[in-house]
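*Asks:* After the structure tokens below, expect a handful of questions from me.
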Amino acid sequence: MKKKIPFNFSLLFFILALAFIIFILVSCSPKKNYRKLDIERLFMQTTTPEIAFPGSFGGLEGQDGSRSVSEEITFSESSGDLGKDEVLADETNAVDSTKTYRLFNVVVKAKSNFATERDGKVHVDFDIIAPIDVIDPNWRLTLAPFLIDGDSITPLDTVLVTGEGFRDKQQGDYEAYQDFLNTIVDPSAYDSLFIDWKGLNKEILKVQRRNYTDYRRNYDLMMDYANWRKMNEMEFLRMEAIARRHKRYVQNRYWRKSEKKALKQLENDTDTLGIYGKYMDKYEKDYIDYLKRQFSLAWLDSISPDINIHNQKDSIMRRSHIPRKYRDIHKKGLTLRDLKAKAFTKEDSVKIAKHHYLIDEIVLNDMNIERKNEIFNEVVEFPLRNEMAGLRLDTVITAEDDFIYGYKQPWKIDKGTKKLGVVLAGMVEGIDKSTFVFPLTDTLTYFIASLSQLADESLITERKMLHKNMVDKQSVYPDYRTNKSYRFKDIKNPEIFDKIFEAYQTYNKETDLFVDSVSIRGYTDLTGLWHENYELAENRAKEVADYFKQKGVKMPVAKAAGEDWSTLAQEVQKHKSLLHREEILDTLTHAVFPDMTEENIKALFPDDYKIMKDEIFPKLRRFDVILHVNRHDIEKSTMKETYREDYAEGIKLLKEKEYMPALEKLAKYGDYNTALALVCLGYNDKAQEVLESLPETGKNEYLLAIVKARKQKTTEAAKHLQKACQLNPDLYYRTRLDSEVKELADQQNLWDTLNN
Numbered sequence: 062m063k064k065k066i067p068f069n070f071s072l073l074f075f076i077l078a079l080a081f082i083i084f085i086l087v088s089c090s091p092k093k094n095y096r097k098l099d100i101e102r103l104f105m106q107t108t109t110p111e112i113a114f115p116g117s118f119g120g121l122e123g124q125d126g127s128r129s130v131s132e133e134i135t136f137s138e139s140s141g142d143l144g145k146d147e148v149l150a151d152e153t154n155a156v157d158s159t160k161t162y163r164l165f166n167v168v169v170k171a172k173s174n175f176a177t178e179r180d181g182k183v184h185v186d187f188d189i190i191a192p193i194d195v196i197d198p199n200w201r202l203t204l205a206p207f208l209i210d211g212d213s214i215t216p217l218d219t220v221l222v223t224g225e226g227f228r229d230k231q232q233g234d235y236e237a238y239q240d241f242l243n244t245i246v247d248p249s250a251y252d253s254l255f256i257d258w259k260g261l262n263k264e265i266l267k268v269q270r271r272n273y274t275d276y277r278r279n280y281d282l283m284m285d286y287a288n289w290r291k292m293n294e295m296e297f298l299r300m301e302a303i304a305r306r307h308k309r310y311v312q313n314r315y316w317r318k319s320e321k322k323a324l325k326q327l328e329n330d331t332d333t334l335g336i337y338g339k340y341m342d343k344y345e346k347d348y349i350d351y352l353k354r355q356f357s358l359a360w361l362d363s364i365s366p367d368i369n370i371h372n373q374k375d376s377i378m379r380r381s382h383i384p385r386k387y388r389d390i391h392k393k394g395l396t397l398r399d400l401k402a403k404a405f406t407k408e409d410s411v412k413i414a415k416h417h418y419l420i421d422e423i424v425l426n427d428m429n430i431e432r433k434n435e436i437f438n439e440v441v442e443f444p445l446r447n448e449m450a451g452l453r454l455d456t457v458i459t460a461e462d463d464f465i466y467g468y469k470q471p472w473k474i475d476k477g478t479k480k481l482g483v484v485l486a487g488m489v490e491g492i493d494k495s496t497f498v499f500p501l502t503d504t505l506t507y508f509i510a511s512l513s514q515l516a517d518e519s520l521i522t523e524r525k526m527l528h529k530n531m532v533d534k535q536s537v538y539p540d541y542r543t544n545k546s547y548r549f550k551d552i553k554n555p556e557i558f559d560k561i562f563e564a565y566q567t568y569n570k571e572t573d574l575f576v577d578s579v580s581i582r583g584y585t586d587l588t589g590l591w592h593e594n595y596e597l598a599e600n601r602a603k604e605v606a607d608y609f610k611q612k613g614v615k616m617p618v619a620k621a622a623g624e625d626w627s628t629l630a631q632e633v634q635k636h637k638s639l640l641h642r643e644e645i646l647d648t649l650t651h652a653v654f655p656d657m658t659e660e661n662i663k664a665l666f667p668d669d670y671k672i673m674k675d676e677i678f679p680k681l682r683r684f685d686v687i688l689h690v691n692r693h694d695i696e697k698s699t700m701k702e703t704y705r706e707d708y709a710e711g712i713k714l715l716k717e718k719e720y721m722p723a724l725e726k727l728a729k730y731g732d733y734n735t736a737l738a739l740v741c742l743g744y745n746d747k748a749q750e751v752l753e754s755l756p757e758t759g760k761n762e763y764l765l766a767i768v769k770a771r772k773q774k775t776t777e778a779a780k781h782l783q784k785a786c787q788l789n790p791d792l793y794y795r796t797r798l799d800s801e802v803k804e805l806a807d808q809q810n811l812w813d814t815l816n817n
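See the structure below:
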């Protein structure tokens, strides 16, 4: 017979418990959430943010005068080349993660541009383009341009394109954070908010009661002392009265003794001298001993019978026995007025309150203060960057069209910088914290265009025409004492001839120059008869020639011209104040008899004649002195070329953008390159002065156009620019590289005119 095995209930319970736990764990395990991410569609497309030159349409010129050079290569995909489960990106709007998307059209661009350098700076301008496909209400698009300068890469200010939903999320987070901040109590308010008022009031009452008790105890003590002092003073007064009575008693007693003694000696016919003094000495000794016994005056150095006991009251009482509890009061001389009541103050309340804080609430509040930044990072998932450094723009837009932002960036360059580059990085952030980083864009290249590139190296070699024969003509205006004077000594301003002597000596000092002769031609005004004036001019010229001979001038030749009608006509033409200027000019033009012509003008136009006599006639009284200079070292006129090393150094510095040192080298020449250095330095007025003194050439006119454009003289600038391109057609292409004339041509619509 088999043995019956008992049922194991413990094992059954263990198995059931294990099964229940496994069921609970399985049923409570989290299921993976395969919710679509906000940025999912970015993985299904190839559209990315781009950068391009402002208004760039391709080609060297472009429709609006763009200065970019671009190359475009286009690849197209046809629907017939698609494989299974492939669709063209342009043929569907919905994103299907089961399909493979192929681009319908791929455009590869390589671009370069020119950046104009001014004062060591350039402006790197470009457009940031965010196509609509990379914009979404629930995204924030971060666009970060980087500038490449040689080996260095510098991040520029960021542009943020924020969707409306994303901004709502940001603002909601900030509101939540503000709600948190509103729960924080400033530590200065702990004394009013985090206080155990019940315990505090109880403690305050206890302190107030203690203050009253202390005052009452001191008050009672002071009152007791006052009573004790009053009793002692009464006792002192009693003793003082006894002392005064004793003084009179002793004094009278000894006086009677002295009288009795004196009478007795008188009876015996004995001298009484000194008896009264002897008894008075006994009186004083007896009375002083009494005072010392009665009032304890041994502490005094000397005591006289006339001592004022009342004045010694305080000293006597201070040395008498004072109860211990009154000694301090008596020593300090305190009274009830000196007893101060201790009032309960605000400071006492604060001091007590510090020991009745609600510790738990304070600790929690302090932790919230310390963790504000941590809480901000937890609550505000996407902080606003409006006040952050390095942000150019943070804008909220709707995803309805492409976003284009014109980015303008000034940049300081080194003298050796030839080009700059710009590249754009982009990133999308979704509300769900998902991120998508775009690949870097192609680099935009900027070649530096500087005015120093306009330097004219041909001017390094100076080319000077050496003439065999030359003349130096100078006019001087003598002031004679009278109209008929002709002697040299009658000239009131003989110093006018000094500059002629200086020129004469200068020419003769030159090794290759020699003054062959000097001619002196005399002129007069119209005053007097014509033939007399001719003779006057001749005599004056002879006098001056004789003076020149005395000064060492060889072969001066005197000539007479007489009345200067030609200069008279020119001056009348320029003189706008003459009322009958045209009639006078007509009379001068058709003159046959000079003297009669003068009289006619004087009679017909007396006012104008007076003006002519005062303002024009002095200019007619002159000498034209001509120095005939000969170059004896050459046979005929020839061209001389000189290589100027300092000029070449100035051009080198100019091209290296060292404008001030270049100007120091070129300033003395006052030519085109001097003006160019001045323009590069921004010295527009001085540059204009130099350019206007130079011949009219294409480059000179071009620089004048830049100077006038800078001075806001657009009409004059446009004329100079048109003249420059007319004289030098190659400057038409240069115009697109210099911002001043480029903007001028755009504003004035000059491009067609400049190209013709």
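Under the numbering used here, think of the first position of the sequence shown as 62, with each following residue one higher.
Ideal Cβ placement from N, Cα and C applies to all residues, glycine included.
(1) Specify, as a first and last residue, the run of the beta strand (DSSP E) that Met488 falls within.
(2) Determine which residues share a DSSP beta bridge with Lys473 and list them.
(3) For Ile509, write down the residues that DSSP places opposite it in a beta bridge.
(4) CB-CB under 7 Å to Leu397, same chain, minus the five flanking residues each way: which ones, in chain order?
(5) Determine the extent of the alpha helix (DSSP H) in which Gly226 is found, giving its start and end residues.
(6) With H, G and I counted as helix, E and B as strand and the rest as coil, what does DSSP make of Ser578?
(7) One question on the structure: do Thr502 and Glu111 come within less than 7 Å of each other, judged by their Cβ atoms?
(8) In whole angstroms, give me the CA-to-CA distance for Thr703 and Glu523.
(9) Measure the alpha-carbon distance for Lys415 versus Asp389 and round it to whole angstroms.
(10) For Leu505, I'd like the list of residues in its chain whose CB is within less than 8 Å of its CB, leaving aside the five on either flank, ordered along the chain.
(11) Based on DSSP bridge pairs, tell me the residues matched to Met531.
(12) Does the distance from the CB of Tyr280 to the CB of Gln312 come in under 7 Å?
(13) Quick one: Cα of Ser754 to Cα of Asp732, how far?
(14) Check each candidate in Gln773, Asp540, Tyr565 and Asn789 and name the one with the smallest Cα separation from Leu681.
(15) Determine the DSSP secondary structure at Pro444, reduced to helix, strand or coil.
(16) What does DSSP give as the partner residues of Pro206 in its beta bridges?
(17) Tell me, which residues are paired with Pro187 by DSSP?
(18) So, Asp656 versus Leu724, is the Cβ gap smaller than 7 Å?
(19) Helix or strand or just coil, what does DSSP make of Val605?
(20) Would you mind reading off the limits of the beta strand (DSSP E) that contains Asp455?
(21) Taking C-beta to C-beta, are Ser511 and Ile100 nearer than 7 Å?
(22) Determine the direct distance from the alpha carbon of Asn734 to that of Val130, and round the result to whole angstroms.
(23) Report the residue ranges of all alpha helix (DSSP H) runs contained in full by the stretch 754-781; include only those spanning at least 4 residues, in chain order.
(24) Which of the three DSSP states is assigned to Lys612 in this structure?
(25) Excluding the five sequence neighbours on either side, which residues of its own chain have a C-beta within less than 6 Å of the C-beta of Leu727, listed in chain order?
(26) Under 7 Å, do Leu782 and Val802 count as touching if we go by C-beta distance?
(27) Would you mind working out which of Lys469, Lys386, Leu452 and Tyr276 sits nearest Leu843, comparing C-alpha positions?
(28) Nearest to Arg453 by alpha carbon, out of Thr109, Tyr468 and Phe464?
(29) For Trp472, is the classification buried or exposed, using 16 other Cβ atoms within 10 angstroms of its Cβ as the cut-off for buried?
(30) Which residue marks the beginning of the alpha helix (DSSP H) containing Thr215, and which one marks its end?
(31) By the three-class DSSP mapping on this structure, what secondary structure does Ala402 have?
(32) Just curious, the beta strand (DSSP E) that Lys620 is in, first and last residue?
(33) Please classify Val532 as buried or exposed, where buried requires at least 16 other C-beta atoms within 10 Å of its C-beta.
(34) Whole angstroms is fine: what's the gap from Arg642's alpha carbon to Asp675's?
(35) Figure out for me which residue from His592, Phe562 and Glu571 has the closest Cα to the Cα of Ile581.
(36) Determine the closest residue to Thr109 out of Leu419, Ile662 and Ile189, with distance taken between C-alpha atoms.
*Replies:* For this structure:
(1) The continuous beta strand (DSSP E) containing Met488 extends over residues Lys480 to Gly491.
(2) For Lys473, the beta-bridge partners assigned by DSSP are Lys182.
(3) Answer is Ala176.
(4) Taking C-beta separations shorter than 7 Å and ignoring five residues to either side along the sequence, the partners of Leu397 in its chain run Met283, following chain order.
(5) Element bounds for Gly226: Glu225 to Asn243.
(6) Annotated three-state conformation of Ser578 is strand, per DSSP.
(7) With contacts defined by Cβ atoms closer than 7 Å, Thr502 and Glu111 form a contacting pair.
(8) Distance between the alpha carbons of Thr703 and Glu523 is about 5 Å.
(9) Spanning the two alpha carbons is a distance of roughly 36 Å.
(10) So the qualifying residues of the chain are Ile112, Ala113, Phe114, Lys172, Ser173, Asn174, Phe187, Gly482, Val483 and Val484.
(11) DSSP lists Val690 as partners of Met531.
(12) No, they are not a contact pair.
(13) Note on geometry: alpha-carbon atoms of Ser754 and Asp732 lie some 9 Å from one another.
(14) That would be Asp540, whose Cα lies nearest to the Cα of Leu681.
(15) In this structure, Pro444 counts as coil in the three-state DSSP scheme.
(16) Paired residues: Leu485.
(17) One detail in the question is off: residue 187 reads as Phe in this sequence, not Pro. Phe187 is bridged to Tyr468.
(18) Cβ distance not < 7 Å, so Asp656 and Leu724 don't count as in contact.
(19) Looking at Val605 - three-state DSSP - the assignment turns out to be helix.
(20) First-last of the beta strand (DSSP E) with Asp455: Leu452 to Ile458.
(21) No, these two residues do not count as a Cβ contact at 7 Å.
(22) For Val130, the predicted structure reports a pLDDT of 36, less than 50, and the residue's modelled location is therefore unreliable. A value from the coordinates is still provided. Asn734 has its alpha-carbon roughly 30 Å from the corresponding atom of Val130.
(23) DSSP assignment within the stretch 754-781 yields the following whole alpha helix (DSSP H) runs of 4 residues or more, N-terminal first: 759-771.
(24) Reduced to three states, the DSSP call for Lys612 is coil.
(25) These residues qualify, in order along the chain: Gly711, Asn734, Thr735 and Ala738.
(26) Yes.
(27) Given that the chain is displayed from residue 62 to residue 817, the structure contains no residue 843 and the question cannot be resolved.
(28) Closest option to Arg453, judged by alpha-carbon separation, among Thr109, Tyr468 and Phe464: Tyr468.
(29) Around the C-beta of Trp472, 16 or more other C-beta atoms lie within 10 Å, and the residue is accordingly described as buried.
(30) Run containing Thr215: none in the alpha helix (DSSP H); it sits in the beta strand (DSSP E), Ser213 to Pro216.
(31) Three-state result, Ala402: coil.
(32) Pro617 to Glu624 is the extent of the beta strand (DSSP E) around Lys620.
(33) The Cβ neighbour count for Val532, taken over all protein chains shown within 10 Å, is under 16; the residue is labelled exposed.
(34) Each residue's alpha carbon lies about 16 Å from the other.
(35) That would be Phe562, whose Cα lies nearest to the Cα of Ile581.
(36) Closest by alpha carbon: Ile189.
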